[in-house]
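The working numbering puts the sequence shown at residues 6 to 180. Notes follow the structure.
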Amino acid sequence: MIILFNKPFRVLSQFTTDSNKSVLADYIDIPGVYCAGRLDFDSEGLLILTDDGKLQQRIANPAYGKEKGYWVQVEGEPGKDELAALRRGVVLKDGKTRPATVEQIVLPDIWPRTPPIRERMNIPTSWLNLVITEGRNRQVRRMTAHIGYPTLRLIRYRVGDWLLGDIPVGEYVAS
């Protein structure tokens, strides 16, 4: 079984917690499924769950090179040099990232976030389509911060051939 879940903002990518934070069990009541990879508490979008341990490993392990696509709202407007740095790979504290595919895009057709992103009148924001083949802890956020453009909103829309599509926030489809 494969479950494609549109993870809301501020939901943990796990089924239980010792805190009062929202978890997957608040949205998914299917026993025996586990996350194939994770999304940070502050990130949104496609989270894949499965009851197949081998498939889970093939999806989550960076050795398999599964592409993960993100829509990233950043503070400011990165130029050609900054985008080129992401395409080459940037050096983070835990080593150099693999080269990424990145392009500036217009605001994707997405749902409003609750709570909304803070707006600052004199600092513009822009959107990137960023594709990576790794999944280090907070990697995309650290990559954009490294080039001087902090991430404000992060939405994963693709893992390999699986797409978020039009799954509503907090909902899932199972196959």
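Built from N, CA and C at the ideal position, the CB exists for glycine as well. Just so you know, these numbers come straight off a predicted model, no measurement behind them.
Taking only the alpha-carbon atoms, compute the straight-line gap between residue i and residue j and give it to the nearest angstrom.
i                : j                : result
leucine 88       : proline 36       : 42 Å
isoleucine 7     : methionine 126   : 43 Å
valine 178       : leucine 135      : 24 Å
proline 83       : tyrosine 162     : 21 Å
glycine 174      : proline 13       : Before going on, a small fix: residue 174 reads as valine here, not glycine. Roughly 6 Å between the two C-alpha positions.
threonine 22     : arginine 15      : 13 Å
valine 77        : tyrosine 32      : 24 Å
alanine 30       : phenylalanine 20 : 5 Å
threonine 55     : lysine 98        : 32 Å
glycine 153      : alanine 90       : 11 Å
threonine 149    : aspartate 171    : 27 Å
arginine 146     : isoleucine 160   : 11 Å
isoleucine 137   : aspartate 34     : 30 Å
phenylalanine 46 : glycine 74       : 18 Å
aspartate 86     : asparagine 142   : 25 Å
leucine 157      : lysine 101       : 23 Å
proline 121      : threonine 130    : 14 Å
How would you call residue i, buried or exposed, if buried means at least 16 neighbouring beta carbons within 10 angstroms?
i              : result
alanine 105    : buried
glutamate 49   : buried
tryptophan 116 : exposed
arginine 68    : According to the sequence provided, residue 68 is alanine. The question's arginine does not apply to it. Alanine 68 is exposed by the Cβ-count criterion.
valine 79      : buried
proline 119    : Inspection of the sequence shows that residue 119 is occupied by threonine rather than by proline. Exposed, by the Cβ-count rule.
valine 71      : The question names valine, but residue 71 in the sequence shown is lysine. Flag for lysine 71 reads buried.
valine 111     : exposed
asparagine 11  : buried
isoleucine 128 : exposed
glutamine 62   : exposed
isoleucine 64  : buried
leucine 51     : buried
DSSP state of residue i, grouped into three classes?
i             : result
alanine 68    : helix
glutamine 62  : helix
glutamate 87  : helix
threonine 130 : strand
leucine 29    : helix
threonine 149 : helix
Starting from residue i, follow its DSSP beta bridges and name the residues at the other end.
i             : result
threonine 156 : Val79
glutamine 109 : Leu133
threonine 55  : Ile7, Tyr39
leucine 168   : Arg163
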